[in-house]
Each structure stands twice: as structure tokens, then as C-alpha cells.
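In our numbering, the protein residues as written are 863 to 1049.
By construction, the Cβ of each residue, glycine as well, lies at the ideal position given by its N, Cα and C atoms.
Right, one structure below, let's go through it.
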């Protein structure tokens, strides 16, 4: 009987499959990081649109300007980055959630000040959140909430863009119910 001989590879074929596998793995990671960044920005866009709607709604029912701004900021908290640290917050997401549970209602009622990294650009980022409303034709409120220089924080972002940030804005329009039902003192 003949013995089976092991197939011998030439020198150029050793390790070729490992190199191809690593190249495929890097390509898959690049695609997945790109999709993750796209989803991250999509969620920020949705939250900015929602914040714009809340801003227009707050203005439409007659809230004061500072309450309209506060409503815009609270609705955009999900896209506002980490909370600026204070003595009760140690930087982890779990402790931020625990602190936010009590602080957000206090911020809404005006009892406490709250600040997130992307609101004023005073933290590690230059991102700012701005909200504005305007009346068009006397009955329509147009609202815009905007993140200027929203950071792109994903690994390998240089493969997709040369920029470190982007601008995100949300727009909403609504009828001015406050002008119809509330007496503003203007005749």
C-alpha cells in the first residue's frame, strides 16, 4: 500500500489566508463603524427634530422665552453628550443616568441648573446648541434647533470624511395658538 503524502505548499502560499482574512476583517470593521456613525448621527437628527417640535409647541401655548429655551434643551438631552461633571457625578453613564433622573425635573421646574457638554461649548467640545423661534405671517411659528460643530467621534472616521464635526439642525412649524387665545396686552 502506498502511504498518503501530505500536500506540500510552496513558500509563496504560506500565511496567505491569514493576510486575506485580516484584510476582510478590517474592511468589515470599516463598514460597521461607518454604519454606526450614520446611526449615531441619525439619532442626533431625530432628537434635534423632536427638540424643534417641543420648542415650537412651547412657544405656541404661550410659554415665556426662557421656558421655551429650557424645553428645547431638555428635549435634546439625548444628543447633548455627557453631563458636565459636578460633585454627585463621576463620569460613568450609569451614574449620569441616576443623577439625571432627579436633576432633569428640577431643571424643568427651575430649581437647579443643568449643563451638558454640547450645550454651550464650554466643556471639551466647541459644540453649541441654539434654539430659535419666529413668527411667519402672524399665525405660524417656525422653530429651529441647531447643534453647531456636532462631533464625529467614531474610530476610523478619516476613511469617510476629513472633518471632525458636522452641523445638525431640526425645523418645525406650528400654529400660534397663544396669539389667538392669550391676551398679550398688545392691541
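Residue 963 burial status per 10 Å Cβ neighbour count (16 or more: buried) = exposed
Out of 1009, 1025, 959 and 900, state which residue places its alpha-carbon closest to the alpha-carbon of residue 1032.
-> 1009
In angstroms with no decimal places, state the Cα-to-Cα distance between residue 1040 and residue 1017.
-> 47 Å
Helix, strand or coil at residue 1013 according to DSSP, with G and I counted as helix | The DSSP-derived three-state label of residue 1013 is strand.
Where residue 978 falls: helix, strand or coil (DSSP) = strand
Beta-bridge partners of residue 995, as assigned by DSSP | 1005
Figure out for me which residue from 968, 979, 970 and 974 has the closest Cα to the Cα of residue 804.
-> Past the boundaries of the shown model lies residue 804; the chain is included only from 863 to 1049, so the question cannot be answered.
Can you tell me the Cβ-Cβ gap for residue 1021 and residue 892, rounded? I've got them flagged as a contact below 8 Å.
-> 6 Å
Report the partner residues of residue 880 according to the DSSP bridge assignment.
-> Partner(s): none; residue 880 has no beta bridge.
What's the C-alpha gap between residue 958 and residue 967?
-> Residue 958 and residue 967: Cα-Cα distance of roughly 14 Å.
So what does residue 1027 bridge to, in DSSP terms?
-> For residue 1027, which the question treats as bridged, DSSP gives the partners 1013.
At what residue ranges does the region 899-983 contain a whole run of the alpha helix (DSSP H), taking only runs of 4 or more?
-> 927-937, 955-971 and 979-982
Which value, in whole angstroms, describes the spacing of the CA atoms of residue 899 and residue 1014?
-> 7 Å
Residue 1018 by DSSP, collapsed to three states: which one?
-> Residue 1018: coil per DSSP, three-state reduction.
Residue 1037: which of 919, 885, 897 and 906 sits nearest, CA to CA?
-> 919
Look at the Cβ atom of residue 913, then the Cβ atom of residue 934, and state whether they are nearer than 7 Å.
-> yes
So, using beta-carbon positions, are residue 853 and residue 1007 closer together than 7 Å?
-> Residue 853 is absent from the structure shown; the chain starts at 863 and stops at 1049.
Minimum C-alpha distance to residue 939 - residue among 970, 1043, 894 and 1029 | Sorting 970, 1043, 894 and 1029 by C-alpha distance to the C-alpha of residue 939 places 970 at the top.
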